[in-house]
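S.K.:
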Amino acid sequence: MPGITDFNTAANADTDREHEVQLGLMRTLCTAASENRDSAVVGEILQRLIAYSEAHFVSEELLMRLKSYDDYEDHVEDHAQMLDTLRDIAADHATGDSALIEGHAAALLAFIGKHIATRDRRFADYVRNNL
């Protein structure tokens, strides 16, 4: 699995660290699901991932607003889609429907990776070029 330097070279260091944590939590969820870990463990990972992602997205969206970023709406739509997917996974898990978590988590990890490589990279370039 590629690291953050492969996704978002030379971007904001704080945001890069946040992305590393977020990707790490996603990988942890994928591993826990593939290893059929205890339901409580998977639930805790999901809750931590959702809380962390919410905080990260608020931080990133605030910076976009402060910089009058021209692709704000589309970028935020990606964030909303990711959070909706995470919440759906958590809701299914809470009702005992955990059979598809591994596949959904892997797909979401790929989506987040693409988001970082494209939308977040474009935003980082925008910030660098509009200081």
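Numbering that gives the first Met the number 0 numbers the first residue of the sequence shown as 0 and each following residue consecutively. Just so you know, even glycine gets a beta-carbon here, dropped at the ideal spot from N, CA and C. Fair warning: this is a prediction, and the values are worked out from it, not measured in the lab.
(1) With 16 as the cutoff for other CB atoms within 10 Å, does Asn128 come out buried or exposed?
(2) For the segment 10 to 60, which segments carrying the alpha helix (DSSP H) assignment without a break, of at least 4 residues, lie completely within its bounds, in sequence order?
(3) Leaving out the 5 sequence neighbours to the left and right, which residues in its chain are closer than 7 Å to Ser52 when beta-carbon positions are compared?
(4) Assign Leu107 to one of three DSSP states: helix, strand, or coil.
(5) Quick check on this structure: which residue in Ala109, His78 and Arg121 has the alpha carbon closest to the alpha carbon of Asp55?
(6) Hey, Leu62 and Leu48: beta-carbon distance below 8 Å or not?
M.R.: On the basis of the coordinates in this document:
(1) Result: exposed.
(2) 12 to 33
(3) Gln21, Met81, Leu82 and Leu85
(4) helix
(5) In the sequence on display, residue 55 carries His and not Asp. His55 has its Cα closest to that of His78, out of Ala109, His78 and Arg121.
(6) no
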